[in-house]
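Remarks on the structure that follows.
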Amino acid sequence: MSPPTLLTIPFNQLQLAPGSIVRVSDISWEQYEQLLTSTGDRRSYRLTYDRGTLELIMPSETHEILIRLMDWIVSTLCEELALNLKTIGSTTLKAQSLATSPEPDNGYYIQNEPQVRDRSIDLSQDPPPDLVVEINIANADSNKKAIYQTLKVPEFWVYSGKTKRFSFYVLQNDCYQTANSSPTFPMVEPTTLQALVEACKQMGELAAKRQFRAWVKQQI
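All residue numbers for the sequence shown refer to this note's numbering, where the first residue is 4 and numbers rise by one.
Pasting the structure below:
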């Protein structure tokens with residue numbers, strides 16, 4: 004008898020260790036939709052579907068700490084710069100026509116926030132998020148950059164657990180190019196985020212956040 008596959012095991016019985024990644028090939032869009040329906044919002048892991056491959060990621064503690072910090076950074080920058088903001092977190096970004104559907108660590112509508120205010124996101128008629136942030140602690144061979152490029156997300160930040168560095172990418176002529184600073188927040192560079200992460204370790208989270216907010220005010 005063949006062992007049970009991922010699609011035959013009830014998802015409430017699926018146990019993944021923090022930081023683990025599972026990939027399954029040859030999954031149809033219909034099967035993926037069935038999995039989304041059966042699991043709803045009850046699961047703690049994140050799903051990414053891309054052209055027949057399903058990826059499941061169970062976030063680690065370090066991952067969650069960093070993504071919450073990045074969320075605070077984006078919110079603080081928008082607040083101090085008086086920008087619009089709609090945070091969509093890890094909302095499933097389904098694009099059936101492109102056969103791709105990621106769940107970002109965090110997604111943000113800033114420039115296009117008025118277009119999606121007080122409504123559920125539908126990529127068949129709405130623009131993609133203006134900014135997506137991903138934390139890659141596991142150093143997996145992730146294709147997230149290619150996925151967000153396909154979705155035409157204008158700005159993409161990613162943290163590498165291997166190098167412990169951030170990288171910024173900006174969409175130009177439908178392709179991502181490395182950026183030295185954020186076009187949305189011109190005073191912010193990858194090293195700015197790295198410095199705050201280190202400051203949290205050295206002086207504590209709240210003290211580091213107060214210092215960062217004061218720095219932002221000085222740049223305005």
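Note that CB positions come from ideal geometry on N, CA and C, so glycine has one too. Small disclaimer: the values here were computed from a predicted structure and weren't measured.
Checklist entry - Residue ranges of each beta strand (DSSP E) run of no fewer than 3 residues wholly in the region 20-48, ordered along the chain? => result Within the region 20-48, the complete beta strand (DSSP E) runs of at least 3 residues are 24-27.
Checklist entry - Do you know offhand how far L72's Cα is from P186's? => result If you take the alpha carbons of L72 and P186, they lie about 20 angstroms apart.
Checklist entry - Taking the DSSP output, what are the residues bridged to Q154? => result It is worth fixing the name first, because residue 154 is Leu in this sequence and not Gln. Answer is none; L154 lacks a bridge partner.
Item to check | Nearest-angstrom Cβ-Cβ length linking D133 and I150, presumed shorter than 8 angstroms | outcome: Not quite, the Cβ-Cβ distance comes to about 16 angstroms (not below 8 angstroms), so this is no contact.
Checklist entry - With 16 other CB atoms within 10 Å as the buried threshold, where does W218 fall? => result It is exposed - the Cβ of W218 has fewer than 16 other Cβ atoms within 10 Å.
Checklist entry - Can you give the Cα-Cα distance for E36 and L19, rounded to whole angstroms? => result Taking the CA atoms as reference points, E36 sits about 21 angstroms from L19.
Checklist entry - Among N139, V135, T181, L154, which has the Cα closest to the Cα of D129? => result D129 has its Cα closest to that of L154, out of N139, V135, T181, L154.
Checklist entry - In or out: D121 buried (at least 16 other Cβ within 10 Å) or exposed? => result Exposed.
Checklist entry - Where do the N-terminal and C-terminal ends of the alpha helix (DSSP H) with R213 fall, by residue? => result Here the alpha helix (DSSP H) through R213 covers 208-222.
Checklist entry - Can you tell me whether DSSP reads T94 as helix, strand or coil? => result It is coil, neither helix nor strand.
Next on the checklist: Please report the straight-line C-alpha distance between R26 and F215, rounded to a whole angstrom.
Outcome noted: Distance between the alpha carbons of R26 and F215: 38 angstroms.
Item to check | Sub-9 angstroms separation of G110 and T90 beta-carbons | outcome: Cβ atoms of G110 and T90: closer than 9 angstroms.
Item to check | Residues bridged to F159 [DSSP beta-bridge criterion] | outcome: Looking at the DSSP assignment, F159 forms a beta bridge with V135, Y172.
Item to check | Three-pair Cβ contact test at 8 angstroms for the region 191-211 versus the region 46-56 | outcome: At 8 angstroms Cβ cutoff, the stretches do not touch.
Item to check | Residues that DSSP places opposite L59 in a beta bridge | outcome: Note: L59 sits in a beta bridge opposite V25, L50.
Item to check | Cα-Cα separation, I223 to W75 | outcome: Approximately 18 angstroms between the Cα atoms of the pair.
Checklist entry - What is the rounded straight-line gap between the Cα of T95 and the Cα of S104? => result Roughly 7 angstroms between the two C-alpha positions.
Item to check | Rounded separation between V136 and I30 - CA only | outcome: Answer to the nearest angstrom: the Cα atoms are 26 angstroms apart.
Checklist entry - Roughly how many whole angstroms lie between the Cα atoms of Q152 and V173? => result Straight through space, the alpha carbons of V173 and Q152 are spaced by roughly 9 angstroms.
Item to check | Nearest-angstrom Cα separation, counted from I138 out to R46 | outcome: Each residue's Cα considered, the two are about 19 angstroms apart.
Checklist entry - Does the distance from the C-beta atom of I140 to that of L209 stay below 9 angstroms? => result No.
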